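Engineer: Quick one: the structure is below, and I'll ask about it shortly.
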Amino acid sequence: MPDPAVLVIGGGPAGIEAARNVADLGVRAIVVEQRERLGGTPVHEQYAALTPHFDDAEQAMADMEAALRARELADVRTSSRVTALSGDAGAFRATVEGEQGSEDVEVSAVILATGFTHFDPGRERQIYNYYQYPDVLALQDLEAMLKRGEVLVPSTGQPPKRICWIQCVGSRDRNIGNEYCSKVCCGIASKQAIEVRKHVPESRASIFYIDMRMYGYWEHQIYWPAQEQHKVQYVKGIVTEILEQQGHLLIRGEDTTMGRPVETPMDMVVLSVGMEPSQGTRDMAQLAGVEQNKYGFVDVARPPLDTVGTSREGVFACGAALGPADLEDTISSAGAAAVKAVAMIRRGTLSGVS
Amino acid sequence: MPTGGFKQEPGIFEVEDAQVGATTLPAEWNRQLADRTLTDYDAVNLLEIAALDGAESIDWCYGCGKCVPVCPVDVVGEYGPRKIHRKLQTGIDLLEDPDLWLCTTCGNCLRVCPKQVDMIQIMPAAREAALTQGKEVPAELQGVFESTFKYGNALGQSPRKRAAWTKKAGVPVRELPKSPGPVDVLLYVEDYWSYHPRGHTAAQAFARILTRLDVDWAILGHEERTIGDSQRLAGEKGLFELLADQVSDTLAKYEFARIVTPDPHAFNALKNLYPGMGHSYEVLHYTQLLAPLMDGLEFTGSVDAKVTLHDPCYLGRHNGEYDAPRTILQAIPGVELVEMGRCRENGYCCGGGGGGMWLDGHTVNHTRERLSERRVREAAESGAEILAVCCPYEVSRFEDGAKSTGLDGVLAVRDLAELVDEALGGPEAMVQGD
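Chains as they are written, first to last, in my numbering: chain A, 158 to 511; chain B, 11 to 444.
So, in structure tokens, the structure goes:
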């Protein structure tokens, strides 16, 4: 019997944190990441600054990766995929295919940390024309701009005089099939609005929303400063369509507090796209044979008191593989998954629950 | 609305251009009630107001709307702090808008505001900016500013007539300029007790009560000037500061232990603003002086009536005193105290604060009924026969309101001092050498 090991699938913030904790608890952690480098969506999608404290995203992920790699018990495999999983809790056999070929590994537990993908605004039922108008962006497009240190209207190359965010794109929508709130977009939009106002002080920034959902401390960490110090204008009412008029974007909607229609020119519109399960989450959930909810996220088997156990014993999940999550949620659930996986090994039982 | 009545359709309905005969009337778009399209979110006016000293909190509003139902002006019109924020956000120039002059600074919005948007500072700051920038000020208010500057009182009366009310008080009243020397209580009479006929009766009643209680007291007579706190809140901070210099100089000439005033606005300024200008006094509202002394009065009569109390905004919400006037009322034989639905912390404003006293002509054009009329109807609905007041603005405001609402004869409006004095036998009892 080899030393026990935990297989962590996914090398984003959730996977790195889970693996580091597993290693710190004295168990070998095999991290399998399909991309060439660790860091997950924050790195891959070129996030600029993390919410809510504006930490540099790339640096924060690099620090996490370095901390993981410093652990002797961490076995990191990038450009690799898990292609098969058999066995039971305590004695899984996984096939890992990488650039060096295929290898079977024996592990006691599996942690799914396969994350999310941004909602594709081309699928929305409004008329936002994301793919038609260059100046209609999604949150991650603006993140990449901010990371380059510039905020410019794509079609003109000039800083925007008027910019707005449209909330709940791809979330809270029965037509689209995503009834859930994506939880982070209100905070991200407000964070970006602060950054844009700092980059382009002469710009006017508005956020069109249905409800501002600023959980817990984000209320005073992001929302209030955005409004009170950075003069971001919050307007209740969602923009219905974006048209082009005389070289400008024209947003049309209803200002619900005034009870009046809105037709306002904008230089740049940012769609606050929500979160959906990544392809990796869909594939690995299926491969691991764990139940998924109707949206494709991994289902927690015993909520609310077990936030990381799945329908298959010995398989845990964390981070945005479980549903919309901010980084704080992600880091917390990663720690919980690591503890439960190692605890299962330590107790020598087959039960992941206490 | 919780008490009586219901919100009616707004009386104004404007369209983009109204055609009246041969004339095309452009609408004031901020009073727009039709579905006119918002074509911009230019918050430049919002930011301009937020940049004013004291008005920073205007753009903190997140639109929860808690302030609107408790705004006394919204109850009778279409005005509320949240609405001001939204209008500013959509481009209105508050400094040129009629809304600028509607707030009475009653403080009920701030009481319920989770973001501490402080209209009590915002509105005076915006008004001051309007004055400084030469914007149009309602003529009636402008007249009061000028009278106050010229004569030291809002009513434009001669300073020499300040003490005229004392002649019929039925008791001797000491005037410090004529008879200097240490005194315990300096009664700061203020304008409406000094000059308004309905204030005279209250002042005279209070003079008799003080005498019965053997209080050592005096007034400043012709040397008294208004404290001008309502002028400050109406935008004339400069005038208030000028008055404060003059008032503090006058006060420095005399030796007194305490200042007592019937005017909650003067009380507010003396208590809360003067210390910051280097002038600290022990200040009491007249109800606070009287309440603990009620046991020492020997009542010979009674006031057999149901009485309700109107809480003055600047005594109650702004200074936290709700009990003193009630203690007084309950000590008067025969009085049955009944409360209105809106009382104490949620008391409804009479409409006189923050300059509203001198903006009735302006306000009436933007509301369905006067705040004072709404209040007397609430008082009548409570079953009270007497509406007791303890702010000199209110007797005349509410008596006018009772007349215009047909409640004249049903509801009497009396100052607390008048009720106490009546139960003590009134002026006749003093003449008999009581």
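Beta carbons: idealized from backbone N, C-alpha and C, even for Gly.
Note that this is a predicted model, so its numbers are computed, not measured.
Starting from Phe473/A, trace the alpha helix (DSSP H) in both directions and tell me its first and last residue.
Structural biologist: No alpha helix (DSSP H) holds Phe473/A; the beta strand (DSSP E) holding it covers 472 to 474.
Engineer: Enumerate in chain order the residues of its own chain whose CB-to-CB distance from Ser72/B is below 7 Å, with the five nearest sequence positions on each side excluded.
Structural biologist: Just to set this straight, residue 72/B is Tyr in the shown sequence, not Ser. Within the same chain, Tyr72/B has close Cβ partners Lys125.
Engineer: Return no unless some Cβ of chain A is closer than 8 Å to the Cβ of Ala279/B.
Structural biologist: So, not an interface residue.
Engineer: Consult DSSP for Asp314/B and reduce its assignment to one of helix, strand or coil.
Structural biologist: Three-state result, Asp314/B: coil.
Engineer: Using 8 Å as the Cβ pair cut-off and three pairs as the minimum, do the segment 389 to 398 of chain B and the segment 141 to 156 of chain B touch?
Structural biologist: No, the segment 389 to 398 of chain B is not in contact with the segment 141 to 156 of chain B.
Engineer: Chain B beta carbons: is any one of them nearer than 8 Å to that of Val427/A?
Structural biologist: Taking Cβ atoms only, chain B never reaches closer than 8 Å to Val427/A, which makes this a no.
Engineer: Are the C-beta of Gly99/B and some C-beta of chain A separated by less than 8 Å?
Structural biologist: Reading off the sequence, residue 99/B comes out as Gln, not Gly. Yes, Gln99/B counts as interfacial toward chain A.
Engineer: Extract the residue ranges of the beta strand (DSSP E) inside the segment 184 to 262 of chain B, only unbroken runs of 3 or more that lie entirely within it.
Structural biologist: Fully enclosed beta strand (DSSP E) runs of 3 or longer: 193 to 197.
Engineer: Quick one: list the residues of chain A neighbouring Arg170/B, beta-carbon separation under 9 Å, in chain order.
Structural biologist: Residues of chain A passing the Cβ test: none, with the nearest at roughly 51 Å.
Engineer: Have a look at the DSSP bridge pairing and note the partners of Tyr366/A.
Structural biologist: Note: Tyr366/A sits in a beta bridge opposite Lys393/A.
Engineer: Give a yes or no on whether 8 Å exceeds the smallest Cβ distance from Val396/A to chain B.
Structural biologist: So, not an interface residue.
Engineer: Taking the Cβ atom as the reference point for each residue, do Met432/A and Phe273/A lie within a distance shorter than 8 Å?
Structural biologist: It is a contact, given that the beta carbons lie within the stated cut-off.
Engineer: Give a yes or no on whether 8 Å exceeds the smallest Cβ distance from Arg208/B to chain A.
Structural biologist: Not closer than 8 Å to any Cβ of chain A, the Cβ of Arg208/B fails to qualify, so no.
Engineer: Whose CA, out of Lys160/B, Val313/B, Gly231/B, lies closest to the CA of Ala174/B?
Structural biologist: The option with the nearest alpha carbon to Ala174/B is Gly231/B.
Engineer: Starting from the beta carbon of Leu426/B, find every residue of chain A whose beta carbon is closer than 7 Å, and list them in chain order.
Structural biologist: Chain A residues near Leu426/B: none, gap ~42 Å exceeds 7 Å.
Engineer: Under three-state DSSP, which class holds Ile342/B?
Structural biologist: Here Ile342/B sits in coil by DSSP.
Engineer: Please tell me whether Val419/A has its Cβ less than 8 Å away from any Cβ of chain E.
Structural biologist: Among the chains of the structure shown, chain E does not appear; the protein chains present are A and B.
Engineer: Is it the case that the Cβ atoms of Glu185/B and Ile229/B are separated by a distance below 8 Å?
Structural biologist: Cβ distance < 8 Å, so Glu185/B and Ile229/B count as in contact.
Engineer: Taking 8 Å as the cut-off, does the segment 257 to 274 of chain A touch the segment 466 to 480 of chain A (at least 3 CB pairs, one atom from each stretch)?
Structural biologist: Contact between the segment 466 to 480 of chain A and the segment 257 to 274 of chain A is present, because at least three Cβ pairs lie under 8 Å.
Engineer: Pull up the distance between the alpha-carbon of Leu294/B and that of Asp69/B, whole angstroms please.
Structural biologist: Cα to Cα, the separation comes out at about 36 Å.
Engineer: In angstroms with no decimal places, state the Cα-to-Cα distance between Arg238/A and Ile166/A.
Structural biologist: In a straight line, the C-alpha of Arg238/A is about 8 Å away from that of Ile166/A.
Engineer: Tell me the rounded alpha-carbon separation between Glu404/B and Gly191/B.
Structural biologist: Those two C-alpha atoms are separated by around 34 Å.
Engineer: For Thr397/A, collect the residues of the same chain with a Cβ closer than 8 Å to its Cβ; drop the 5 residues on either side in sequence, then sort them by chain order.
Structural biologist: If we look at Thr397/A and ignore the five residues flanking it on each side, its Cβ neighbours are Gln283, Ile284, Arg409, Gly410, Glu411.
Engineer: Quick one: list the residues of chain A neighbouring Thr49/B, beta-carbon separation under 9 Å, in chain order.
Structural biologist: Correct list: Val419, Glu420, Thr421, Pro422.
Engineer: Have a look at the DSSP bridge pairing and note the partners of Val426/A.
Structural biologist: For Val426/A, which the question treats as bridged, DSSP gives the partners Val293/A, Cys321/A.
Engineer: Can you tell me whether Ala231/A is helix, strand or coil according to DSSP?
Structural biologist: In this structure, Ala231/A counts as strand in the three-state DSSP scheme.
Engineer: Give me the Cβ distance between Tyr337/A and Tyr366/A, rounded to the nearest whole Å; I'm assuming they're in contact under 8 Å.
Structural biologist: So it is not a contact: roughly 17 Å between Cβ atoms.
Engineer: Strictly below 7 Å CB to CB, what residues from chain B border Asp412/A?
Structural biologist: What Asp412/A touches in chain B: Leu48.
Engineer: Within its chain, find whatever has a CB closer than 6 Å to the CB of Gly492/A; leave out the 5 residues flanking it on each side and keep chain order.
Structural biologist: Around Gly492/A: Asn178.
Engineer: What three-state label does DSSP hand Glu485/A in the structure shown?
Structural biologist: Helix, per DSSP.
Engineer: What is the residue span of the alpha helix (DSSP H) that Met441/A lies within?
Structural biologist: Met441/A -> alpha helix (DSSP H) spans 436 to 445.
Engineer: Using a beta-carbon distance below 8 Å, is Gly87/B in contact with chain A?
Structural biologist: No, its Cβ sits nowhere closer than 8 Å to a Cβ of chain A.
Engineer: Terminal residues of the continuous alpha helix (DSSP H) containing Thr373/B?
Structural biologist: Segment 370 to 373, the alpha helix (DSSP H) holding Thr373/B.
Engineer: Answer yes or no: does any C-beta atom of chain B fall closer than 8 Å to that of Tyr391/A?
Structural biologist: Tyr391/A counts as touching chain B.
Engineer: Classify Gln191/A as buried or exposed, calling it buried when 16 or more other Cβ atoms lie within 10 Å of its own Cβ.
Structural biologist: By the neighbour-count rule (16 or more Cβ atoms within 10 Å), Gln191/A is buried.
Engineer: From the DSSP output, which residues share a beta bridge with Asn335/A?
Structural biologist: Asn335/A pairs with Asp330/A.
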